[in-house]
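Take a look at the structure below.
Dropping the structure here:
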């Protein structure tokens, strides 16, 4: 009789896969806990620096406090937001035509400035991504406007836009574009364009820098393969460049839109917060400082926060939906 040979039992692959599946949720839970522990100090600092002032602003928006005596107040509910006092007319921030004028100005400024910054920033990023002599000098020169403080930029451009002594009018007159000096910051039809021009000049380098960082992460062999397949420049940009830099573009747009919606100093210095260019932040500032109405000013500030947070949330939802579709 032949001796029985022992049979080797191989491990079951299904058992190993089930063990991995059982351990995966626990591993993800541990990573999540570690992540929360690491960001907890930053969240606490953010709550102390930003959360407490936001809570105080929300609190004062339901009171009739004045700036010169903030401790002397009484609760008035939603009166600062909107109130039907005499049964026929509405009062409050939401019933003020100047508030809606400020909302329209802010949205118009944000759309115009951010759109132009995206176009010019993309062109500058594509230029800086090329290899040429003096590349470092060009990159440094492009970033100079972004490094200048906003107040300095606004004051500098206010002199350049001067109707009598400004270099802008002088240049346009020499070129024959205009035949008489223009009051850029005083004319209601031109003042918003003046603000947009200054903002685009200053913050386009930020957009270009964000897009340049994304461009330099794209592998060069993708362009070589597309070129071999016969794709032209526009096809390579639309099929390779644009999809791969889209996440960085969305982040840059979120930052710029939030900054544009909160614009104040540029408009205040250039146009003295005139009605043609007043922003929501400028409107809230006037209520708080000029009219000393802490309750109404706080209500306007809360509405500014809600508008900025809502638009930022929409951008984030669009980005998540796009990632989910991919």
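Numbering (my numbering), first residue to last: 5 to 330. Backbone N, C-alpha and C fix where the C-beta goes; we use that ideal spot for every residue, glycine too.
Buried/exposed call for residue i, threshold 16 Cβ in 10 Å
i, result
"residue 81", "exposed"
"residue 53", "exposed"
"residue 203", "buried"
"residue 78", "exposed"
"residue 297", "buried"
"residue 317", "exposed"
"residue 114", "buried"
"residue 287", "buried"
"residue 15", "Low local confidence applies: a pLDDT of 48 at residue 15 is under 50, so the model's placement there is unreliable, and no value is given."
"residue 273", "buried"
"residue 4", "Any answer about residue 4 is impossible in this case: the structure gives the chain only from 5 up to 330."
"residue 125", "buried"
"residue 201", "buried"
"residue 206", "buried"
"residue 271", "buried"
"residue 63", "exposed"
"residue 89", "exposed"
"residue 39", "exposed"
"residue 103", "buried"
"residue 310", "exposed"
"residue 307", "buried"
"residue 148", "exposed"
CB of residue i within 8 Å of CB of residue j, strictly
i, j, result
"residue 98", "residue 212", "no"
"residue 385", "residue 167", "A question about residue 385 goes unanswered here, because the residues of the chain that appear run from 5 up to 330."
"residue 277", "residue 196", "no"
"residue 261", "residue 107", "no"
"residue 305", "residue 61", "yes"
"residue 222", "residue 248", "yes"
"residue 132", "residue 265", "no"
"residue 84", "residue 300", "yes"
"residue 227", "residue 240", "yes"
"residue 214", "residue 256", "yes"
"residue 154", "residue 263", "no"
"residue 267", "residue 105", "no"
"residue 189", "residue 165", "yes"
Distance, residue j Cα to residue i Cα
i, j, result
"residue 123", "residue 69", "45 Å"
"residue 58", "residue 157", "30 Å"
"residue 199", "residue 258", "20 Å"
"residue 324", "residue 170", "47 Å"
"residue 87", "residue 174", "51 Å"
"residue 100", "residue 192", "20 Å"
"residue 183", "residue 176", "8 Å"
"residue 373", "residue 65", "This structure leaves residue 373 out entirely; the chain is present only between 5 and 330."
"residue 237", "residue 160", "39 Å"
"residue 139", "residue 150", "18 Å"
"residue 119", "residue 251", "17 Å"
"residue 135", "residue 152", "27 Å"
"residue 180", "residue 172", "12 Å"
"residue 302", "residue 289", "9 Å"
"residue 291", "residue 96", "11 Å"
"residue 253", "residue 33", "31 Å"
"residue 218", "residue 117", "22 Å"
"residue 42", "residue 50", "14 Å"
"residue 244", "residue 73", "60 Å"
"residue 71", "residue 48", "29 Å"
"residue 30", "residue 44", "21 Å"
"residue 319", "residue 178", "44 Å"
"residue 232", "residue 225", "10 Å"
"residue 25", "residue 36", "Caution is warranted here: a pLDDT of 48 is assigned to residue 25, below 50, making its placement in the model unreliable, and no coordinate value can be reported."
"residue 137", "residue 56", "52 Å"
Which of helix, strand or coil DSSP assigns to residue i
i, result
"residue 3", "It is not possible to answer for residue 3, since the shown part of the chain is limited to 5 through 330."
"residue 73", "strand"
"residue 121", "helix"
"residue 87", "strand"
"residue 287", "helix"
"residue 94", "strand"
"residue 25", "Note that residue 25 scores 48 on pLDDT, short of 50, meaning its location in the model is unreliable and no value can be drawn from it."
Beta-bridge pairing of residue i - partner residues as DSSP gives them
i, result
"residue 79", "67"
"residue 183", "Partner(s): none; residue 183 has no beta bridge."
"residue 279", "In the DSSP output, where bridge partners are listed per residue, residue 279 has none listed."
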